[in-house]
Structure formats: C-alpha cells, structure tokens
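A.B. asks: Sharing a structure with you now.
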Amino acid sequence: MWITVADLVGCKGLPSTERGCRKLLDKVALNMPDIRRKKAGSKAFEYDVSYLPSNIQSLIEPHLLKHVITSRAPQRNVAKLDTKKTSNSSTLDLMRQCPSLLENKINELTDNQRQIADARMSLAIEVLRIEEQASTSRIRAIRFIIEQAKAATLPERLMLAVNRANARKGSTRVIGERSLNQWVVDYLRGKDAAERLALLAPGHHKAKKAVEISWLPMFLAIYRQPNGISIAEAYRQFCDEWAAVYEGQPAMLNVLPSLDAVHRALAKLKSPE
31 MWITVADLVG CKGLPSTERG CRKLLDKVAL NMPDIRRKKA GSKAFEYDVS
81 YLPSNIQSLI EPHLLKHVIT SRAPQRNVAK LDTKKTSNSS TLDLMRQCPS
131 LLENKINELT DNQRQIADAR MSLAIEVLRI EEQASTSRIR AIRFIIEQAK
181 AATLPERLML AVNRANARKG STRVIGERSL NQWVVDYLRG KDAAERLALL
231 APGHHKAKKA VEISWLPMFL AIYRQPNGIS IAEAYRQFCD EWAAVYEGQP
281 AMLNVLPSLD AVHRALAKLK SPE
C-alpha cells in the first residue's frame with residue numbers, strides 16, 4: 031500500500047505536522063529510494079508502507095486500517111487459500127461430486143439464512159481487502175474489524191453486516207475471531223456465489239415435509255408391500271437397492287440415509303406404520 035505524508039498527519043507517535051512527517055519519511059527513503067514515487071496526477075510523493083521500518087509501520091497501522099475500512103475500493107481476489115481441512119471440506123467435496131445436492135441445499139435456505147450468508151460474505155471480503163491494501167496479516171485484519179465492531183466505530187454498512195451475521199436472535203454479542211476467520215476460509219473455498227452461499231449460510235433449515243424427502247418414495251416402494259415386512263428388513267433391502275442404483279457414484283453412496291433418518295421420515299407421514 032502507498033501512502034502520502036498527508037495520510038500520516040494525526041497518527042499517534044508521529045510528528046504532528048506534514049513537514050515533520052515528510053522529513054521522517056524522506057530520511058528513510060535516502061537509503062531505499064524505491065520506496066518513494068510521485069503520486070499519479072499530483073506533485074506529492076507517496077511511500078510504500080511495506081518497506082518502512084517496523085516501528086513506523088506499527089505506529090501508522092491503526093490509521094491505515096481505518097483508512098482502508100472506510101474506503102469503498104473494489105476487492106481484488108489475490109488472497110491465497112489455506113488448504114487445511116475444515117469442517118466444511120467434506121460437505122463441499124460432496125456437493126461438487128453431486129451438483130443436485132448443492133441445488134437442493136440452496137433451495138432449502140430461508141430468506142433470513144440468505145441474508146446472514148450475504149452479511150458473512152461482506153465481512154470476509156472486507157478482511158481480505160484490509161489484508162491486501164494495508165499489507166497486514168489476516169489475523170490482524172480480523173482482530174481490527176472485531177475491535178471496531180465492539181466500539182461500534184465501523185462504517186454503517188459493516189455494522190449492519192456484523193449484526194446480521196451473528197445469526198442469534200436478540201443477541202448483543204459481537205462476532206468472534208474464530209467465527210470470522212472461518213467465514214473467510216469458507217469464502218475462499220467456494221469457487222462461485224452458490225457454493226459460498228451454501229457454505230456461509232447458518233444451519234437450522236426448515237423441517238422437511240415427507241413429500242420433500244427425495245429418497246422416501248424408494249423406501250416406501252419396498253416397505254409398503256402386501257406381505258408387511260418390518261422397517262428393519264425394508265431398510266436392509268433399501269440399502270441394497272441404493273447401492274445398485276448409485277453404483278459408481280461415490281458421492282451418492284456416501285449419503286445413504288440412516289435407519290434413524292428413515293424412522294424420522296416415516297413419523298412425518300400421516301398414515302400409521
């Protein structure tokens with residue numbers, strides 16, 4: 031990130047005048063001339079923050095973070111993805127193997143869940159923007175947003191996102207460091223808007239009606255036989271048929287409904303077992 035002398039006036043620990051700040055930066059630039067350049071369309075000089083001494087960077091960092099967060103510069107997707115496995119990794123792999131699972135998950139989301147996911151995406155984008163433009167670490171960007179949220183000094187658009195992202199009715203708790211970091215990781219894992227929506231939306235989907243359970247007709251075709259077999263026997267036959275129907279499709283084989291899921295589905299039916 032490049033800054034001008036004017037950007038530094040008012041930073042705690044630095045000279046209080048432009049003249050004093052310019053003298054300090056020019057002294058640093060004597061040994062590293064590449065950190066100074068003419069600002070486009072101006073007579074002023076600007077300086078590359080990443081090459082300033084660490085003690086100066088630590089003094090101006092809060093000022094720079096505030097400057098970035100109040101600007102509306104477009105986000106550039108340059109952040110690198112952390113390849114460590116997360117709780118959502120297997121879910122994402124499964125959805126990519128079977129796109130219909132992703133479509134079903136998206137269709138099941140309520141308007142409230144979608145709004146919460148949008149808020150979490152906005153905060154994740156802001157973290158990545160601060161990380162890039164302020165040349166700081168991701169964890170520092172996350173902590174800065176949380177600090178500003180606790181002090182209620184974030185721009186209005188971000189305070190609204192914080193309140194919405196929390197997803198807890200009546201809760202006044204600000205978002206936590208771990209949660210915000212996970213939203214950033216999930217945002218980067220998603221390769222498009224649909225995947226990000228699925229990953230960042232909170233749980234607690236609306237309960238499905240029996241008619242909405244896609245696999246139930248296959249089970250009922252076995253269970254509702256004239257000879258009246260038990261649920262356990264019908265489930266064993268159901269497992270065999272599932273394996274035959276989805277042979278060679280590991281994603282579907284891995285989502286075979288459990289016997290407990292079968293019992294819950296049957297309980298939704300009006301007719302007795």
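Residue 31 is where the sequence shown starts when you use this note's numbering, and the numbers rise one by one after that.
Think of the CB as a built atom: it goes at the ideal place given N, C-alpha and C, for glycine as much as any other residue.
The model shown is predicted, which means the values in this text are computed figures rather than measured ones.
Who are the near neighbours of Ala149 in its chain, counting only those whose CB is closer than 7 Å to its CB and skipping five residues on each side?
C.D. replies: Taken in chain order, the residues that qualify are Ala191, Arg194, Ala195.
A.B. asks: If we require 4 or more residues per run, which alpha helix (DSSP H) segments fall completely within the stretch 184-267?
C.D. replies: Segments of the alpha helix (DSSP H) lying fully in the stretch 184-267: 186-195, 207-219, 223-230, 246-253.
A.B. asks: For Tyr276, which residues does DSSP report across the bridge?
C.D. replies: In the DSSP output, where bridge partners are listed per residue, Tyr276 has none listed.
A.B. asks: Secondary structure at Thr34, three-state DSSP: helix, strand or coil?
C.D. replies: Here Thr34 sits in strand by DSSP.
A.B. asks: Going by CA-CA distance only, name the one from Lys135, Lys42, Ala74 that's closest to Ser88.
C.D. replies: When only C-alpha atoms are compared, the closest one is Lys42.
A.B. asks: Roughly how many angstroms separate the alpha carbons of Asp123 and Asp64, rounded to a whole number?
C.D. replies: Those two C-alpha atoms are separated by around 45 Å.
A.B. asks: When DSSP labels each residue in this structure, what does Lys73 get in the three-state scheme?
C.D. replies: In the structure shown, Lys73 sits in coil (DSSP, three-state: anything other than H, G, I, E or B).
A.B. asks: What ranges does the alpha helix (DSSP H) occupy inside the stretch 134-171, keeping only unbroken runs of at least 4 residues that lie completely in it?
C.D. replies: Counting whole runs of 4 or more residues, the stretch 134-171 contains the alpha helix (DSSP H) stretches 141-163.
A.B. asks: Are the CB atoms of Leu132 and Ala223 nearer to each other than 8 Å?
C.D. replies: No, they are not a contact pair.
A.B. asks: Based on the DSSP output, what are the partners of Asp78 in its beta bridges?
C.D. replies: In DSSP, Asp78 forms a bridge with Trp32.
A.B. asks: Since Ile261 and Val292 should fall inside the 8 Å C-beta cutoff, what is the C-beta to C-beta distance between them, to a whole number of angstroms?
C.D. replies: 7 Å between Cβ atoms; contact.
A.B. asks: Are the beta-carbon atoms of Ala281 and Ala147 separated by less than 8 Å?
C.D. replies: No; because the gap between Cβ atoms is not below 8 Å, this pair is not in contact.
A.B. asks: Among Glu76, Val157, Arg219, which residue has its Cα nearest to the Cα of Arg126?
C.D. replies: Comparing Cα-Cα distances from Arg126 to each of Glu76, Val157, Arg219, the minimum goes to Arg219.
A.B. asks: Judging by CA-CA distance, which residue of Lys69, Ile169, Glu76, Leu54 is the nearest neighbour of Asn85?
C.D. replies: The option with the nearest alpha carbon to Asn85 is Leu54.
A.B. asks: So if DSSP puts Arg67 in a beta bridge, which residue, or which two residues, is it bridged to?
C.D. replies: Answer by DSSP bridge pairing, in chain order: Glu76.
A.B. asks: Drop a sphere of 10 angstroms on the beta-carbon of Ala228, count the other beta-carbons inside from all chains shown, and report buried for 16 or more, exposed for fewer.
C.D. replies: It counts as buried.
A.B. asks: Let me know if Pro287 comes out buried or exposed under the rule of 16 or more other beta-carbons within 10 Å of its beta-carbon.
C.D. replies: By the neighbour-count rule (16 or more Cβ atoms within 10 Å), Pro287 is buried.
A.B. asks: Which residue comes first and which comes last in the alpha helix (DSSP H) that contains Leu54?
C.D. replies: Counting along the chain, the alpha helix (DSSP H) containing Leu54 begins and ends at 48-59.
A.B. asks: Output needed for Ile176: all residues of its chain with C-beta closer than 7 Å, excluding positions within five of it in sequence on either side, in chain order.
C.D. replies: Only Val204, Ile205, Glu207, Leu210 meet the Cβ criterion.
A.B. asks: Between which two residues does the alpha helix (DSSP H) carrying Ala295 extend?
C.D. replies: Ala295 -> alpha helix (DSSP H) spans 289-298.
A.B. asks: Going by Cα to Cα distance, which pick from Ala181, Thr100, Ile90, Gln145 is closest to Ser46?
C.D. replies: Out of Ala181, Thr100, Ile90, Gln145, Ile90 has the C-alpha closest to the C-alpha of Ser46.
A.B. asks: Assign Leu286 to one of three DSSP states: helix, strand, or coil.
C.D. replies: Of the three classes helix, strand and coil, the one that applies to Leu286 here is coil, per DSSP.
A.B. asks: How about Val58 and Pro92: do their beta carbons lie closer than 8 Å?
C.D. replies: Contact: no.
A.B. asks: Quick one, are the C-beta atoms of Ile243 and Ala295 less than 8 Å apart?
C.D. replies: Going by C-beta atoms, Ile243 is nearer than 8 Å to Ala295.
A.B. asks: Where does Cys269 sit, in a helix, a strand or coil, going by DSSP?
C.D. replies: Correct three-state label for Cys269: helix.
A.B. asks: Distance check for Leu60 and Leu94, CA to CA, integer angstroms please.
C.D. replies: Rounded to the nearest angstrom, the two C-alpha atoms are 23 Å apart.
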